[in-house]
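Data first, discussion second: the structure below is written as structure tokens.
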Amino acid sequence: MVTRRLPPRAALRLAAALGFFALVPALARGEPPASLLIWPVNPVIEADRQAAALWLENPGSTPVTLQVRIFAWAQQDGQNVYAAQDRVLPSPPLVTIAPGERQLVRLTRTAPPPAAGEDAYRVIVDEIPTRAAAEAAPAAAVSFRMRYSLPLFVPAPHAAPSRKGARQDPADAPAPSLSWRIGEDARGAFVEIVNSGSLHARLVEARLEEGARSVPLAPGLLGYVLAGSRARWPLPEGAPHARLSAGVNGSERQMLAPADE
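In mature numbering (1 follows the signal peptide of the UniProt record, and there is no 0), the protein residues as written are -28 to -1, 1 to 233.
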């Protein structure tokens, strides 16, 4: 097991950096544990690499045991769908990290990269209850276990580098092609964003606008629309819907084109 003590440094708290964060009740101590630190929060296994590194750090005062799993990620009928897979595996999949230590987990590709576009996955990191923690917890304590989820992409090979060892500038990668519409189903009105491009779109600061009115669709990170897929979000009650703008893959906010009806 590879563990190292962290030198003083800035590290991202995944709970604050991602919208895909869940708090799962389970047997634990009587108060929520300290947030796990995870980086990078957007790992990519490049086509010319076999693996990507994922670091987990325990900033708390007690050991933490974690399970790492990787699921295939797709979007069907506007909803996220996850499935078991064996094309990318975590190593090691189960770790115990001492207080103040960090652990390297390799996300290793076991199959060739896609010939075009990209493959999408979700990395799930679950805190596992330990017998010692359960025995130490007060009988009537309200307890929590943490779950963290982050995206993982495996892109197809891009244009050949101009020199040995050079890597493609992300700005030169194909941009997602996005459009949007308002729809309604049994659950109510929704905003549907369609990505007809070959790469995912990460959307932030999405706003619905009409005239001088502007209503956020979600604060910060809205979510992802995978390549060749569509995703839906609830339409805020009374929100305008003449225009939709959002930041896409790190760019400044831009207007999205309305979908052809």
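By construction, the Cβ of each residue, glycine as well, lies at the ideal position given by its N, Cα and C atoms. All values derive from a computational prediction rather than experimental measurement.
Taking DSSP as the reference, what is the three-state secondary structure of Arg103?
For the purposes of this step, residue 103 is identified with residue 131 of the sequence shown, where counting begins at 1. It is helical.
Do three or more CB pairs link the segment 178 to 194 to the segment 206 to 226 at distances below 8 Å?
Enough Cβ pairs lie closer than 8 Å, so yes.
Is Thr37 close to the ligand GDP? I mean its beta-carbon at under 6 Å from any heavy atom of the ligand.
For the ligand GDP, the structure offers nothing, since it holds no ligand at all.
To the nearest angstrom, report how far apart Tyr54 and Val36 are at their CA atoms.
Counting from one through the sequence shown, the residue named residue 54 turns up at place 82. Counting from one through the sequence shown, the residue named residue 36 turns up at place 64. Each residue's Cα considered, the two are about 26 Å apart.
Between which residues of its own chain and Ile96 is the CB-CB distance below 6 Å, once the five residues before and five after are set aside?
Position 124 of the sequence shown, counted from the start, is the residue given in the question as residue 96. For Ile96, where only same-chain residues beyond five positions count, the Cβ hits under 6 Å are Arg41 and Ser121.
Quick check on this structure: which residue in Trp205, Leu76 and Leu193 has the alpha carbon closest to the alpha carbon of Gly160?
Here the question's residue 160 lines up with position 188 in the sequence shown. Checking every option, the nearest Cα to that of Gly160 belongs to Trp205.
Is it right to say residue 311 is buried, meaning 16 or more other beta carbons lie within 10 angstroms of its own, or is it exposed?
Past the edges of the chain, shown from -28 to 233, lies residue 311, and the structure says nothing about it.
For Ser63, which residues from the same chain have a beta carbon less than 6 Å from its beta carbon, with the 5 sequence-adjacent residues on both sides left out?
Taking the first residue of the sequence shown as position 1, residue 63 is located at position 91. Same-chain partners within the cutoff: Arg78 and Thr80.
What's the gap between the Cα of Leu9 and the Cα of His172?
By 1-based counting over the sequence shown, the position of residue 9 is 37. By 1-based counting over the sequence shown, the position of residue 172 is 200. Straight-line Cα distance between these residues: approximately 25 Å.
Terminal residues of the continuous beta strand (DSSP E) containing Asn167?
Mapped onto the sequence shown, residue 167 falls at position 195. From DSSP, the beta strand (DSSP E) with Asn167 extends over Gly160 to Asn167.
Distance check for Val166 and Ile154, CA to CA, integer angstroms please.
Translated into the one-based positions of the sequence shown, residue 154 becomes position 182. Translated into the one-based positions of the sequence shown, residue 166 becomes position 194. Near 11 Å, if we compare the C-alpha coordinates of Val166 and Ile154.
Let me check one thing: in DSSP terms, what residues is Arg153 bridge-paired to?
Walking along the sequence shown from the start, residue 153 turns up at place 181. Partner(s): Glu164.
Threshold first: 3 residues or longer. Then list the beta strand (DSSP E) segments lying entirely within the segment 54 to 81, N to C.
Listed in chain order, the complete beta strand (DSSP E) runs (minimum 3 residues) inside the segment 54 to 81 are 60 to 63, 66 to 69 and 73 to 81.
Whose C-alpha, out of Phe162, Tyr196, Pro123 and Ala24, is nearest the C-alpha of Phe43?
Locating residue 43 in the sequence shown gives position 71, counting from the first residue. With distances taken between Cα atoms, Phe43 lies closest to Pro123.
Are there 16 or more other CB atoms within 10 angstroms of the CB of Ala88, so buried, or fewer, so exposed?
Start at 1 with the first residue of the sequence shown, and residue 88 comes out as number 116. Exposed, because fewer than 16 other Cβ atoms sit within 10 Å of the Cβ of Ala88.
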